[in-house]
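Note sheet for the following structure.
Protein chains: 8
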Amino acid sequence: MKPLVSIIMGSTSDFPVMEAAAKFLDELEIPFEINALSAHRTPAEVEQFAKNAEARGLKVIIAAAGMAAHLPGVIASMTTLPVIGVPIKASLEGLDALLAIVQMPPGIPVATVGINASLNAGILSAQMIALHDEKVAVALKKYKEGLKKKIVAANEELAKVQFKHKIG
Amino acid sequence: MKPLVSIIMGSTSDFPVMEAAAKFLDELEIPFEINALSAHRTPAEVEQFAKNAEARGLKVIIAAAGMAAHLPGVIASMTTLPVIGVPIKASLEGLDALLAIVQMPPGIPVATVGINASLNAGILSAQMIALHDEKVAVALKKYKEGLKKKIVAANEELAKVQFKHKIG
Amino acid sequence: MKPLVSIIMGSTSDFPVMEAAAKFLDELEIPFEINALSAHRTPAEVEQFAKNAEARGLKVIIAAAGMAAHLPGVIASMTTLPVIGVPIKASLEGLDALLAIVQMPPGIPVATVGINASLNAGILSAQMIALHDEKVAVALKKYKEGLKKKIVAANEELAKVQFKHKIG
Amino acid sequence: MKPLVSIIMGSTSDFPVMEAAAKFLDELEIPFEINALSAHRTPAEVEQFAKNAEARGLKVIIAAAGMAAHLPGVIASMTTLPVIGVPIKASLEGLDALLAIVQMPPGIPVATVGINASLNAGILSAQMIALHDEKVAVALKKYKEGLKKKIVAANEELAKVQFKHKIG
Amino acid sequence: MKPLVSIIMGSTSDFPVMEAAAKFLDELEIPFEINALSAHRTPAEVEQFAKNAEARGLKVIIAAAGMAAHLPGVIASMTTLPVIGVPIKASLEGLDALLAIVQMPPGIPVATVGINASLNAGILSAQMIALHDEKVAVALKKYKEGLKKKIVAANEELAKVQFKHKIG
Amino acid sequence: MKPLVSIIMGSTSDFPVMEAAAKFLDELEIPFEINALSAHRTPAEVEQFAKNAEARGLKVIIAAAGMAAHLPGVIASMTTLPVIGVPIKASLEGLDALLAIVQMPPGIPVATVGINASLNAGILSAQMIALHDEKVAVALKKYKEGLKKKIVAANEELAKVQFKHKIG
Amino acid sequence: MKPLVSIIMGSTSDFPVMEAAAKFLDELEIPFEINALSAHRTPAEVEQFAKNAEARGLKVIIAAAGMAAHLPGVIASMTTLPVIGVPIKASLEGLDALLAIVQMPPGIPVATVGINASLNAGILSAQMIALHDEKVAVALKKYKEGLKKKIVAANEELAKVQFKHKIG
Amino acid sequence: MKPLVSIIMGSTSDFPVMEAAAKFLDELEIPFEINALSAHRTPAEVEQFAKNAEARGLKVIIAAAGMAAHLPGVIASMTTLPVIGVPIKASLEGLDALLAIVQMPPGIPVATVGINASLNAGILSAQMIALHDEKVAVALKKYKEGLKKKIVAANEELAKVQFKHKIG
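Chains as they are written, first to last, in the numbering used here: chain A, 161 to 328; chain B, 161 to 328; chain C, 161 to 328; chain D, 161 to 328; chain E, 161 to 328; chain F, 161 to 328; chain G, 161 to 328; chain H, 161 to 328.
Set out below in structure tokens:
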């Protein structure tokens, strides 16, 4: 089976952040791959990856990078597949990575999610897959329903908090 | 007895920050409620809460949220009760939550307090209640008087600090 | 008739920004006053104003200030009436005024609205008045309904925009 | 013919910025619609729009908003279609809108593009459509090729610039 | 003996930061005092302090405050003695306090030093005293000479660091 | 007559900003000088100026600079006279100059005023002179009194503004 | 004659900013070239340029880019020649471009100059050339001497400014 | 043997950050020196160092500084050797040091690397040396090749991560 989503990161130190994206794709049974690539250290490999991505059957690329984060933009410049950028917090609270990913020039968009927001990157990739995959679409709706449960659980916890003038 | 103030937060993890608001309302004997709601995970429940708030006798709503903090603004869009927004520090030192709460478009204000400033949210809600509740008004004045005591205590501590050329 | 809301600003140069608050209060027939006061240039007058505000029958104070904007916080320290702070954009895109108003220490809240958001300050003051004034409450609801009209008008404008592949 | 992409904005004043997205979709012959909706002024209409979007055959939603920009996130909370957020520069150089759109909480992603980057929003929506539309995929590749032409033209212009020690 | 410099802070929790100013004044044998005052919690006491400062023989006031730091500016508005402001880092990396202190409106300056820079506040106050106190002037020059010693010591440490291609 | 205050700037383009300091000193009849010096373009002249400043009878130095504003700090490193730094807004809204001036390392303070706040620099220098010059002290108090007049005038202007529900 | 310095920019709209670098190199008689290249629109051409740069005899590359400015870093990843990055102010006051250029990951430096600081980029490139080109070294020293002249001229201008209490 | 590169820092506390530059130069067998100097504490020594640098055979100067970081710019003002500035993170996440180093006025460039990026400073200095030192040029190319190895190793680590739907 071919991967539909490719998760790219610069080093294994990014994996603890990016693991949430992998887990989500696994949960939704969307085949994916994980690789390390660097816009600056392995530009040739990035080019090869980006140019072959569509032919290999990939539908979405998730690229994570910190600091002067060029990886998502560089990949986006070499493919017409949608590229999701995940700014990694490594310095300046992640603001440098956010701006270096989201502020792409006209012509080459990167679909940027929040700082360290790898779960959201995974969900967003699934939303794109779901446009033509009914099973994933159903799973996403179910996942979305599940988000409410955390609120229900939170309410149950908060109901236990005791104050003299707290009602309910 | 019906609650006059409603404290809303997205998860139990916000409770340690928001507890100060609850304690203050309890101290001033203002009936209140605490609930978990999420603008993004339970939009229908948020709508139901906001639209019924006034009819249920609520006077003020305190809503806390972090990151792209939409909860206070979304509630404010569905009621004419005053909504107090508390930006929770979860990323970017809380600056994202502050801007996402305070910079509301013309027509839908949110009364914003400082980052993680839940005590001030509680006090502000009491100030609004006090406009027509003499007991609360008196309690607020007493509380304000009490703020001086911390300064008196601080001065006593500082008076003990010994330097050769320190006078007094 | 006594004013219920007091609009305070540091100079007549703030009036073009603050005019929207005055117009809104006028529209809702809420009696108000407008005065110039400066936390730094007329501290004695600020103190006199703040300490007499409640006795004069005022319910809400709207205070506008730019740069190291101390006026709303200084007034709030001398009254238990709710104080709404309007950060005026005079330098640093208004970020200095926003932080100097919203980041009040524990004990003395200022209900902060967005940068230059005087209309929202006016609405917020009316929302507080409306807690015990049915006429204002009804007028606010009507105003809120009216906000939709701008969207309806915008849709009509956008409907006229012609593109070959635009539907509707 | 049903629209595949829906462009949403808060007022006609956003249209000059968002026009580039519309023009791009028109150029690629992707059917689209343009509507005005406001998370804060017409929350009921936003809900109706978001909940019916998938059933109406929409594939991607582009939502533009400024300041405390809630529209993209609120729509994203009510649909599993991918939502592209365009931060509009209205204050603080657009930084408030960027953070209010991109920093979404876990579970509800918004695919954020740069400040005022409506063309990139249009391209990104086309990239998602192209995953299962060969015609659009081909058009995108052609568009991408065309981006080089601007550089060729720029080089021709720069070649004309005369300096004594400029080579070539 | 009367104090020449007054160090003001909002609470004993600021003392660990402000201690460096006290130690420096002590080292230079400049009589000083330390007190707790709050622009917001004890405005009357602040006014009394500021208005009597000159008559009491004070020459310089050092005022420390965090967040929406009003204390230095409020004191400065009530005296013509030079007021040195020390922004305390309590939130937003201290940027809020810095802006709330330094961006004073025309007419009321505060001599601002760096975030948490209490030693520099002490030195600056001594520089003002030294304008008419030869003993302090001499001590300051000696202190300044001493700053070089740290560099000499650092060089000695660095000289011990061993690298194969390090010269010297 | 010898100057007591020296105003230093990097170029004549800073004069329109710095003129307010000169005018204020002139108004208070404090002898001053104005010179152009650059920490980066004329380091030798800066050194000569700073090292001779005290011997020439100067009491205070006002140094203005923009961008990576080194001039105030460099002068401060070579004299024990108090140095007032004026951050000039030339890029990044003046934030770069502010930080480059105020965030001095321990040992070498610069008394920093707000961005482009040359009037406040002039006043602050006069406040230091006034510590031992009764005439200047009196003039400062008179100037401070005069600040109220602007507020009085503003109130008169605002009194003329007509609204139906405006009181007073 | 072969160019020693290559100036790269993304479009002719950057030329007005970058012209100062070209003029400086021309003045110092350093042969240079100017070309348009885009990291995102012409990645293949950028690669070809970067990989052949050293063989073509180039010594230094000056690359200008705005927003999510990848060009300098991408070139730096493909050559061991020193690359000077010039952040172009196109949005967010140029802060996005500055961070996207300067915050390069370990291993691939970009020698970054200030926002829009193309003259400094030209000078810096000349300083590198001068390490082994006596003629350029002499010209640089002469240029540096010339910087003082502006200060001399500024002083002459300032000497003409008339104030009653201005000395000299 | 004479040093070609000089590493300057303000105190031994900067050495843990700057060690990476030293190690890199050592690895490439480029003779270097390390010294402590302070723009503010030892201005005379800085001047002597900067003015003699070229005559002593130095080719590049690496200067590290934090906060209002003047050292790189002050050295650059006194030599025509290229000066590499390393902003040290000591406050405000290092943003103050970055701006105080990179935003130099026209005429005096500092080649700025990222916050705490001492390795990149070392590499950049080697790139300048390599312009006329074939051995260093070869070593740099080899180092650059080596950067890929980390990516290879990272890929091997990531290949071991097990997910049910992970391919490869």
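For glycine and all other residues, C-beta sits at the position ideal for the given N, C-alpha and C.
So what's residue i in DSSP terms, helix, strand or just coil?
| i | result |
| --- | --- |
| Lys354 of chain D | Since the displayed chain D opens at 161 and closes at 328, residue 354 of chain D lies outside it and no answer follows. |
| Thr172 of chain A | helix |
| Ser278 of chain D | helix |
| Glu189 of chain E | coil |
| Pro330 of chain B | No statement about residue 330 of chain B is possible, as the shown extent of chain B runs from 161 to 328 and does not include it. |
| Gly226 of chain H | strand |
| Ala199 of chain A | coil |
| Ser166 of chain G | strand |
| Val270 of chain D | coil |
Between the Cα of residue i and those of the options, spot the shortest distance and give me the residue it belongs to.
| i | options | result |
| --- | --- | --- |
| Glu187 of chain F | F:Ile275, F:Ala257, F:Leu300 and F:Pro269 | F:Leu300 |
| Ala271 of chain E | E:Lys219, E:Ile190 and E:Pro232 | E:Pro232 |
| Pro269 of chain B | C:Gln263, C:Leu258, C:Ile283 and C:Gly267 | C:Ile283 |
| Gly306 of chain C | B:Leu185, B:Gln263 and B:Gly267 | B:Gly267 |
| Ala277 of chain F | F:Ala313, F:Ala225 and F:Lys211 | F:Ala225 |
| Val234 of chain G | G:Met169, G:Leu255 and G:Ala290 | G:Met169 |
| Ala290 of chain D | A:Thr240, A:Lys211 and A:Ser251 | A:Thr240 |
| Ala228 of chain F | H:Met264, H:Gly254 and H:Ile311 | H:Met264 |
| Arg201 of chain G | D:Val298, D:Pro203, D:Lys302 and D:Gln322 | D:Lys302 |
| Gly274 of chain F | F:Ala182, F:Ile167, F:Ala215 and F:Ala257 | F:Ala257 |
| His230 of chain A | A:Ala281, A:Ile261 and A:Val312 | A:Ile261 |
| Phe323 of chain H | A:Ser171, A:Ala181 and A:Val177 | A:Ala181 |
| Ile190 of chain D | D:Ile311, D:Lys309, D:Glu294 and D:Val312 | D:Glu294 |
| Ala286 of chain B | B:Pro247, B:Lys309 and B:Pro242 | B:Pro242 |
Name the chain A residues whose beta carbon is nearer than 8 Å to that of residue i?
| i | result |
| --- | --- |
| Gly233 of chain D | By Cβ distance, chain A contributes nothing, its closest Cβ being about 11 Å from Gly233 of chain D, past 8 Å. |
Since residue i meets chain G, which of its residues come closer than 7 Å, beta carbon to beta carbon?
| i | result |
| --- | --- |
| Glu317 of chain D | Thr172 |
Report the neighbours of residue i on chain C: residues whose CB is nearer than 9 Å to its CB, in chain order.
| i | result |
| --- | --- |
| Leu307 of chain F | Ser198, His200, Arg201 and Thr202 |
Determine the chain F residues that contact residue i at a beta-carbon separation under 9 Å, and present them in chain order.
| i | result |
| --- | --- |
| Glu207 of chain C | Near Glu207 of chain C there are no residues of chain F at all, since even the closest Cβ is about 13 Å away, more than 9 Å. |
Give a single yes or no on whether residue i has its beta carbon closer than 7 Å to a heavy atom of the ligand GDP.
| i | result |
| --- | --- |
| His292 of chain A | Here there are no bound small molecules, and the ligand GDP is not part of this structure. |
List, in order along the chain, the chain B residues whose C-beta lies closer than 7 Å to that of residue i?
| i | result |
| --- | --- |
| Phe323 of chain A | Ala182 and Asp186 |
Below 8 Å on C-beta distance, what does residue i contact in chain C?
| i | result |
| --- | --- |
| Ile275 of chain F | Ser251 and Leu252 |
Anything in chain F within Cβ reach of residue i, meaning under 8 Å, just list it in chain order.
| i | result |
| --- | --- |
| Lys310 of chain C | Per Cβ cutoff of 8 Å: no residues; Lys310 of chain C is ~23 Å from chain F at best. |
Along chain A, in chain order, which residues have C-beta atoms closer than 7 Å to that of residue i?
| i | result |
| --- | --- |
| Ile261 of chain G | Ala228 |
| Ile327 of chain G | Going along chain A, no residue has its Cβ under 7 Å from Ile327 of chain G, so there is no contact; the nearest lies around 47 Å. |
| Ala314 of chain H | Ser171, Thr172 and Ala196 |
In chain F, what lies closer than 7 Å to residue i by C-beta?
| i | result |
| --- | --- |
| Ile194 of chain G | Near Ile194 of chain G there are no residues of chain F at all, since even the closest Cβ is about 25 Å away, more than 7 Å. |
So residue i contacts chain G; which residues on that side make the cut at Cβ distance below 9 Å?
| i | result |
| --- | --- |
| Ala257 of chain D | The contacting residues do not exist; Ala257 of chain D stays about 12 Å from chain G at best. |
Going along chain H in order, which residues have a C-beta closer than 8 Å to the C-beta of residue i?
| i | result |
| --- | --- |
| Gly267 of chain F | His200 and Arg201 |
Output, in chain order, the set of chain D residues within a Cβ distance shorter than 9 Å of residue i.
| i | result |
| --- | --- |
| Pro163 of chain G | His325, Lys326, Ile327 and Gly328 |
Interface residues of the stretch 228 to 254 of chain E facing chain F [CB-CB below 8 Å]: Thr240, Leu241, Pro242 and Ile244
Chain-ordered residues of the stretch 284 to 306 of chain B with a beta carbon less than 7 Å from chain C: Leu284, Gln287, Met288, Ala290, Leu291, His292, Ala297, Leu300, Lys301 and Lys304
Touch test, the stretch 212 to 221 of chain D against the stretch 207 to 222 of chain B, Cβ-Cβ under 8 Å, three pairs minimum: Taking 8 Å as the limit for Cβ pairs, the verdict is that the stretch 207 to 222 of chain B does not touch the stretch 212 to 221 of chain D.
Segment contact, 8 Å Cβ cut-off, at least three pairs: the stretch 180 to 199 of chain D with the stretch 311 to 320 of chain C: Contact check between the stretch 180 to 199 of chain D and the stretch 311 to 320 of chain C: three or more CB pairs, one atom from each, fall below 8 Å, which counts as touching.
Within 8 Å of chain F by C-beta, residues of the stretch 211 to 230 of chain G in sequence order: none
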